[in-house]
Amino acid sequence: MLVNISFGSQLRFRLRTGTTTTSLETADYTVTEGQWIHVAAVYDGSNMTIYKDGVQAASTAKTGSITNGNAHVAFGNQPAGAGARAFDGLLDEVCLYDKALSVAEISGNMTTGCGGSGNPPTPTPTANPGTTVDVYLAGTSGEETAELLINDQVAATFTGVGTGYHSGQFIQFTYQHSTALNANQVKVRLVNGGLASDGTTDMNLRVDKIILNGVDYPSEAATTYSVGSWSSSNGCGPGYKQNERLHCTGGYFWYEANVTPPPTATSSPTPTATPPPTATASPTPPPTNEVTTIQRTYYTIAGQTVGVRVKKILDNGSTESNKLYYMYTDNLGNVGALSDKNGNYISGSLTLFRPFGDFRRVPSTNPDITDHAFTGHKSNAYIKLIDMNARWYLPEIGRFISPDTIVPDPMNPQSFNRYSYVFNRPIVLRDPSGHEPVWCSAEYNGGSACAPLVSFQGGHDNWTDAEITTIKMAAWEIAFDLYGHGQANSASEQFLAVYNGTVNFSKTGVVAGNLGEAISRNQIIVNEHLIVTINSPTTGKMWAAHELGHAFNYALHPNTTDDLNYGQGIIDLALEGIWSNGERFVGLEPPGSTSYANFDNYERAIRRGYQDTSGPWVQNRTSSPSEDFADMYSNWAFNSFRADPYGSARYEFMANHMSSWIALAVSNN
774 MLVNISFGSQ LRFRLRTGTT TTSLETADYT VTEGQWIHVA AVYDGSNMTI
824 YKDGVQAAST AKTGSITNGN AHVAFGNQPA GAGARAFDGL LDEVCLYDKA
874 LSVAEISGNM TTGCGGSGNP PTPTPTANPG TTVDVYLAGT SGEETAELLI
924 NDQVAATFTG VGTGYHSGQF IQFTYQHSTA LNANQVKVRL VNGGLASDGT
974 TDMNLRVDKI ILNGVDYPSE AATTYSVGSW SSSNGCGPGY KQNERLHCTG
1024 GYFWYEANVT PPPTATSSPT PTATPPPTAT ASPTPPPTNE VTTIQRTYYT
1074 IAGQTVGVRV KKILDNGSTE SNKLYYMYTD NLGNVGALSD KNGNYISGSL
1124 TLFRPFGDFR RVPSTNPDIT DHAFTGHKSN AYIKLIDMNA RWYLPEIGRF
1174 ISPDTIVPDP MNPQSFNRYS YVFNRPIVLR DPSGHEPVWC SAEYNGGSAC
1224 APLVSFQGGH DNWTDAEITT IKMAAWEIAF DLYGHGQANS ASEQFLAVYN
1274 GTVNFSKTGV VAGNLGEAIS RNQIIVNEHL IVTINSPTTG KMWAAHELGH
1324 AFNYALHPNT TDDLNYGQGI IDLALEGIWS NGERFVGLEP PGSTSYANFD
1374 NYERAIRRGY QDTSGPWVQN RTSSPSEDFA DMYSNWAFNS FRADPYGSAR
1424 YEFMANHMSS WIALAVSNN
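In our numbering, the protein residues as written are 774 to 1442.
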C-alpha cells in the first residue's frame, strides 16, 4: 500500500491485492505548498477512497484481499530507496487501522487526532481559523449527488446520501472550510435530478440541518413556511420544511441572511442599572462584506425586454459586481436563454416552457439574475405563480387565480370564462396586462417590432374599434398559420411577404350587390351594408379570412386580375380535386366538360365538408370555384371544417399545398 503525492501535486493511493495493483489519484484536489491537510486512504473490500480534510476526494471500485507480505513500513522515503520518492515536507500524525473507517471517524481524527502522543514537528501548524460544516442529507434512490456551495462556489461534492428520504434517516457529511463562515453563505444543491438508473425512481434530496462549528441550523417543522430558514429555490420543492425536497437539477437549499441562528438557552437575571459606556468601549463592528442590495435594471426596445443589468452592493456601500446580460426571447416574449455582454451563453440559463407556461426546463439563473420568464412576466418560484400585472396566473392549470374584472370582448363567448388564459390559445397569444389577449406584444406596447398586417381607409363612416379588431384578429390568425408552413422568421414577416405588404381594407361608402371583395393581392373593398357582419367577431373574422383567401389566390398569379381561373390554387383544385374514400367530391365535372369552372352547380352547392352551407362557413355557395377556394382558405385558417372524411380531405388538400403556394407567392413579388 502506498499513499503519496504525485508529480501533479495530487494525492495518490496505491493498493495491491493478490497480483493486481490499483492506483487512485485525485482529479480536483491538489496539495498546496505550506498548507496543512488531513488525508485518509480507506479500503473497505469493495472500494478505494481518498478523503481530503474529511471530504471524499476520489473513489474507485476495488476488490480482493490485501497482500500480507513482509514489506518494510516507511514514512517520507521509499524503503531502502536511496532517496527515491523523498517526501519534502512535514508529517504531524500517521495512523494505520485494520478496519475501514467511517466518514464520522475520519472527521473525528481530523479534529482530535488518532491517539498519537507528542507535539507536531516544528513549525507547529497554526490553529484552524476556519469553519467545520456538517451537512445532514437523505435521498430516495441512493444515487443522488449533492454539492456544497460556499459563496456560490462549489466547495465539496457528496455522494452516497442513502435512501432514508422517507424514513428520515440522514447521513452526516463534513467539510472543513479555511475561513469563518455564517449560515447564509452556505447552499446545498442537487446535481442529478430526474430518474434513477432503474428508470422509475425519482431522485430527491432532503436537507435536515447544517452545523457550523457546532451551531445547529435545523430545518423547520412541516407546517412552517420556508421564508427565513432552509428553503428551496427554482420551483424544485413544495416550500415546507421537513417534507421539503429537491427533485430537479440546479435547485438548492440555503439559509436566509435575515434570520438569526437559534440562541442557546441562558438564564435571564433581573436587569441592573448600567452606566453608559464610553465612546471607545464598544467600537462599531466592521462590515462583513456581504451583499445586502441587488439592483436590476431592465432594457427594452420597441416594447420587448432585451437585457438586464444586475448590480450587487455590499454592506459597506461598495459594488461587488455590475454585469449586463442579454435576454433571448421568442415571438411571445418567452425568455429562453441569457448571454453576457460579449454574447457568451450563461450556463444554466436555458429555459423551456410547456404551452401554458409551466417550466419544462427550469433555469438555475432564476431568480439570481432575472425572474422574468414566461411571456416576459415575473415568475415567483415560491408560490408557483406568474405576475401578469392585473392578476396572478397559475401555469400548472393554465388559469388565472382570480376572475377578470372586465370582459374584453363581449362578442366572443370565450371572454365570459373570466379565469381562462388568452382564449386557450397560448401558442399564438399573450396577455401583457392580465385583462386582454393580444396577438403582437410590440403592437400592444406601441412598438414597431411587429409590423401592422392590415390598414384601413375610406368609407362613409369611420372605422370603429370593433371593426378594426375583428379584421386584425383574422389577419393574425392567418399570419401564424402561414408562418407554420413558410420560411420567414416571424408570423408578421411571413404574412407581409405573401401579400407583398400590408393588405388595405377600404370602405366604399355605398351599398352594392355584395358585401365586399378582394380586387388584388393587397386591396379589399368593403361595402356599406357589411358593417353589421364585421362587428360580429365570428362572422366578421370568417368574412375577412375569406377575402384574404381571394387575395392569396391573386398572389399565386399576380399578372392577371382574374383569380377565377388562373390562380395556382384554382389550378391545383381543378387538376387534383379533393378525394375521400375514392370519391372525388369537389371538382366533379359533367360529361364532356374540361373546365373546373363548369362543374355541376349541385355539387358545388352542397359543399360537403363544411360546418354548414351558409355563413360564416360558406360565403357564396352558388358562385365560382374561386369562392369555394376562398372558403377553403378561411376554414383552413380557423381549422373549422366538419369533423368527417370530407372535412378532413379539404383540410389535408390545403395543408399539403400550402408550403409550395407560399413559396410561389413570395417569388411573385
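Note that beta-carbon positions come from the ideal geometry of N, C-alpha and C, so glycine has one too.
is_contact[residue i, chain C] using C-beta, thresh 8 angstroms
i, result
"Glu1209", "This model lacks chain C altogether, as it is built from one protein chain only."
Residues that residue i bridges to, as DSSP identifies them
i, result
"Tyr909", "Gln945, Lys982"
"Asn1095", "Lys1084"
"Gly1231", "Lys1280"
"Asn777", "Arg785"
"His950", "Thr904"
"Gly967", "Met976"
"Phe931", "Ala919"
"Gln1296", "Asn1277, Ser1293"
"Arg1381", "For Arg1381, which the question treats as bridged, DSSP gives no partner whatsoever."
"Tyr1101", "Ala1110"
"Ile839", "Thr790"
"Thr1178", "In DSSP, Thr1178 forms no bridge with anything."
"Glu798", "Arg785"
"Gln1260", "For Gln1260, which the question treats as bridged, DSSP gives no partner whatsoever."
"Ser1193", "Arg1172"
Where the alpha helix (DSSP H) through residue i begins and ends
i, result
"Met883", "876-885"
"Tyr1256", "1238-1256"
"Leu1269", "1264-1271"
"Glu1209", "No alpha helix (DSSP H) contains Glu1209, which DSSP labels as neither H nor E."
"Ser1407", "1398-1410"
"Ser1432", "1418-1440"
Residue i vs residue j beta-carbon contact at 8 angstroms
i, j, result
"Ile1067", "Val1081", "no"
"Phe1414", "Tyr1406", "no"
"Gln942", "Ala911", "yes"
"Arg785", "Thr794", "no"
"Pro1176", "Tyr1155", "no"
"Gly1109", "Thr1124", "yes"
"Val1064", "Lys1085", "yes"
"Gln949", "Gly987", "no"
"Ser875", "Thr947", "no"
"Val1271", "Ala1403", "no"
"Ile983", "Asp907", "yes"
"Thr790", "Thr840", "yes"
"Phe931", "Val980", "no"
"Gly1388", "Gly1420", "no"
"Ala1324", "Val1283", "no"
"Thr799", "Lys825", "yes"
"Asn1107", "Phe1126", "yes"
"Ile1297", "Phe1268", "no"
"Met1161", "Asp1103", "no"
"Lys1280", "Gly1231", "yes"
"Ile1146", "Ser1152", "The sequence shown places Ala at residue 1146, rather than the Ile named in the question. The answer is yes: Cβ separation under 8 angstroms."
"Glu916", "Met976", "yes"
Own chain partners of residue i with C-beta closer than 7 angstroms, once the 5 adjacent residues on each side are dropped
i, result
"Ser1368", "Unreliable placement is indicated for Ser1368, whose pLDDT of 44 sits below 50; no coordinate value is reported for it."
"His1208", "Ala1163, Asp1177, Ile1179, Pro1181"
"Val964", "Thr918, Ala919, Glu920, Thr1022"
"Gln1384", "Trp1390, Ser1413, Arg1415"
"Gln1341", "Leu1329, His1330, Trp1434, Leu1437"
Same chain only: Cβ atoms within 8 angstroms of residue i, ignoring 5 sequence neighbours per side
i, result
"Arg1172", "Tyr1166, Tyr1192, Ser1193, Tyr1194"
"Ile1142", "Val1081, Val1083, Tyr1098, Leu1111, Ile1119, Ser1122"
"Ser1094", "Val1083, Lys1084, Lys1085"
"Arg1134", "Leu1123, Thr1124, Leu1125"
"Arg1198", "Pro1210"
Residue range of the beta strand (DSSP E) that includes residue i
i, result
"Leu1514", "No statement about residue 1514 is possible, as the shown extent of the chain runs from 774 to 1442 and does not include it."
"Gly1289", "1289-1293"
"Gln1068", "1064-1074"
"Thr822", "820-825"
"Ala813", "812-816"
"Gly1109", "1108-1113"
"Tyr990", "988-991"
"Thr833", "828-834"
Contact set for residue i: own chain, Cβ-Cβ below 6 angstroms, skip 5 residues either direction
i, result
"Val927", "Glu920"
"Ala1410", "Glu1250, Ile1251, Asp1254, Ala1318"
"Met1431", "His1258"
"Asn1442", "Asn1273"
Residue i beta carbon near the ligand ATP (any heavy atom closer than 7 angstroms)
i, result
"Ser1413", "This structure lacks the ligand ATP, and indeed carries no ligand of any kind."
TODO: Write down every uninterrupted run of the beta strand (DSSP E) in the region 1122-1176 whose length is 3 residues or greater and which is fully enclosed by it, in chain order.
DONE: 1132-1134, 1151-1153, 1158-1160, 1165-1167
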